[in-house]
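Q: If you scroll down you'll find the structure; I have some questions about it.
In my numbering, the protein residues as written are 37 to 237.
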């Protein structure tokens with residue numbers, strides 16, 4: 037989660053790539069799961085499923101049946117990197133999986149070189165409440181707006197994804213990405229020391 041200008045709360049969480057199919061240009065992701073994150077927040081699976089379904093259904097209508105979800109690059113509103121081909125709900129795991137087709141050539145090359153390390157789900161909160169089973173944690177119902185391919189790993193070390201080559205062989209792909217700078221995490225730009233001092237005075 038991060039804050040937009042004006043103090044608006046915005047949901048934005050990272051999900052790593054699991055598998056890449058080179059021949060079909062497909063990327064597989066575990067998009068969301070009901071489990072505590074580092075911000076002590078928990079996505080409520082039961083109320084999140086209808087939001088994923090509504091987001092997908094709207095895109096399916098708008099695309100004439102060609103897309104089950106809009107895929108961007110780096111949360112740029114002027115980008116169209118691909119589409120969601122499949123969405124699966126796992127009630128036992130309380131998880132949502134996606135299969136993404138990457139149509140943009142440049143973005144696909146970034147997937148194959150490990151530059152993009154996963155996807156970031158952008159949107160907002162429809163509802164937030166204290167988790168009765170996890171003291172100090174907040175449960176939420178997400179509002180899904182878009183999913184972007186991104187180069188920022190949730191950890192700074194490199195990770196691995198399964199890569200299915202065109203010839204059918206299976207190998208591993210190192211996902212490099214890059215660590216976010218403080219200025220990127222704090223949007224808009226962080227206040228200066230003088231600004232903070234004057235505000236506290």
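Glycine included, C-beta positions come from ideal geometry on N, C-alpha and C.
For residue 152, report the span of its beta strand (DSSP E) as first-last.
A: Careful: residue 152 lies outside any beta strand (DSSP E) and carries neither H nor E.
Q: Determine the burial state of residue 56: buried for a count of at least 16 other Cβ atoms within 10 Å of its Cβ, exposed for fewer.
A: So residue 56 ends up on the buried side.
Q: Among the residues of its own chain, which have a CB less than 8 Å from the CB of residue 172, if the five just before and after it don't count?
A: The answer, listed in chain order, is 76.
Q: Leaving out five residues on either side along the sequence, give the residues of the same chain with a beta carbon under 8 Å from the beta carbon of residue 129.
A: 69.
Q: Around the C-beta of residue 145, are 16 or more other C-beta atoms found within 10 angstroms, so that it is buried, or is it exposed?
A: Residue 145 is exposed by the Cβ-count criterion.
Q: Is the closest heavy atom of the ligand FAD to the C-beta of residue 205 under 7 Å?
A: Questions concerning the ligand FAD fall outside what the structure shown contains, since it holds no ligand whatsoever.
Q: Measuring CA to CA, which of 176, 131, 158, 94 is closest to residue 165?
A: Of the candidates 176, 131, 158, 94, the one whose C-alpha sits nearest the C-alpha of residue 165 is 176.
Q: Mind checking whether residue 50 and residue 156 have CB atoms under 8 Å apart?
A: Contact: yes.
Q: Taking only three categories from DSSP, how would you classify residue 116?
A: If DSSP states are grouped into helix, strand and coil, residue 116 belongs with coil.
Q: Are residue 52 and residue 154 closer than 8 Å when you measure CB to CB?
A: Result yes, Cβ atoms of residue 52 and residue 154 sit closer than 8 Å.
Q: Contact between the stretch 132-152 and the stretch 89-96: three or more CB pairs below 8 Å?
A: No, the stretch 132-152 is not in contact with the stretch 89-96.
Q: Around the Cβ of residue 178, are there at least 16 other Cβ atoms within 10 angstroms (buried) or fewer (exposed)?
A: By the 10 Å Cβ count, residue 178 comes out buried.
Q: Grouping DSSP H, G and I as helix and E and B as strand, with all else coil, what is residue 202?
A: The answer is coil: DSSP assigns residue 202 none of H, G, I, E or B.
Q: Have a look at residue 82 and residue 136 and give me their C-alpha separation to the nearest angstrom.
A: Cα to Cα, residue 82 sits roughly 23 Å from residue 136.
Q: What is the residue span of the alpha helix (DSSP H) that residue 94 lies within?
A: Per DSSP, residue 94 belongs to the alpha helix (DSSP H) from 81-98.
Q: Can you tell me whether DSSP reads residue 143 as helix, strand or coil?
A: Looking at residue 143 - three-state DSSP - the assignment turns out to be helix.
Q: Tell me the DSSP secondary structure of residue 127 in three-state form.
A: Coil at residue 127, not helix or strand.
Q: For residue 178, does the three-state DSSP call read helix, strand or coil?
A: In the structure shown, residue 178 sits in a strand (DSSP, three-state: E or B).
Q: What does the alpha-carbon distance come out to for the pair residue 185 and residue 170?
A: So the two alpha carbons sit approximately 31 Å from each other.
Q: So what's residue 102 in DSSP terms, helix, strand or just coil?
A: Coil, per DSSP.
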